[in-house]
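Just below is one structure, and these are the notes that go with it.
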Amino acid sequence: MLRLNASFSKKVPIEGQNYSSQSYHASVEVEIPDGLSPEQLRDRIHDTFGLVRDSVENELGHEAPALPTMAQPQTQPPQPSAPAPVNTTDAAASSKQIRYLTTLALDRGMDLRALNSACQRDFGVTSVEALSRRQASELIDRMNVREGGNRQATRRAA
13 MLRLNASFSK
23 KVPIEGQNYS
33 SQSYHASVEV
43 EIPDGLSPEQ
53 LRDRIHDTFG
63 LVRDSVENEL
73 GHEAPALPTM
83 AQPQTQPPQP
93 SAPAPVNTTD
103 AAASSKQIRY
113 LTTLALDRGM
123 DLRALNSACQ
133 RDFGVTSVEA
143 LSRRQASELI
153 DRMNVREGGN
163 RQATRRAA
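The working numbering applies: residue 13 is where the sequence shown begins, and numbers increase by one.
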């Protein structure tokens, strides 16, 4: 197994303040199988980076630029997107659950938009980051069942 760590950072100027910006960052670590061809490895790196970049852009409410072009600085600060309300008796999904869900999605050929669409369709939340712990656990179980059921025993605790 190989480990791939993809990160994306973005600085956005703060309106009305000289020499100041807000920084946004996301990263994900995924395991990829040994024995991939150079082209397959390049595709996995491209897809993983795209997933992380799209996550940051989605949280900022921007459309992600096409790879490999990096996003240009915005002239106005982003309006933060408010996460969907979460039942107060159920805490927000852990970062470990979110990382695992993004890894599962990537393994199944899903991009961030497809994963977020599934979250909205199934749970009424705007993105994977807005899931509750219970919802994230349920989605992990669903995605593992779709794989064929054998991953249930190897599932990491989230």
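Backbone N, C-alpha and C define an ideal beta-carbon position, used for all residues, glycine too.
Residues Met13, Leu14 of the same chain have their beta carbon placed closer than 7 angstroms to that of Asp46, with the five preceding and five following residues left out of the count. Shown here, Ile44 sits in a strand according to DSSP, grouped into three states. In the structure shown, Arg133 adopts helical secondary structure according to DSSP, grouped into three states. The shortest CA-to-CA distance from Glu41 to any of Val157, Ser19, Asp102, Met122 is the one to Ser19. Closest option to Ser144, judged by alpha-carbon separation, among Ser107, Arg120, Gly28, Leu124: Ser107. Looking at the DSSP output, Leu16 shares a beta bridge with Val42. By the neighbour-count criterion, in which 16 or more other beta carbons inside 10 Å mark a residue as buried, Leu48 falls on the exposed side. If you look at Thr138, you'll find it isn't in any alpha helix (DSSP H); DSSP assigns it neither H nor E. Arg56 sits close to Leu16, with the two beta carbons spaced by under 8 angstroms. Straight across, the Cα-Cα distance linking Lys23 with Thr60 is about 21 angstroms. Here the alpha carbon of Arg133 sits roughly 19 angstroms from the alpha carbon of Asp102. By alpha-carbon distance to Ser67, the top candidate from Asp153, Ala130, Ile152, Glu141 is Glu141. Per DSSP, Ser49 lies in no alpha helix (DSSP H) segment and is marked neither H nor E. DSSP places Ser107 in the helix class (H, G or I) of the three-state scheme.
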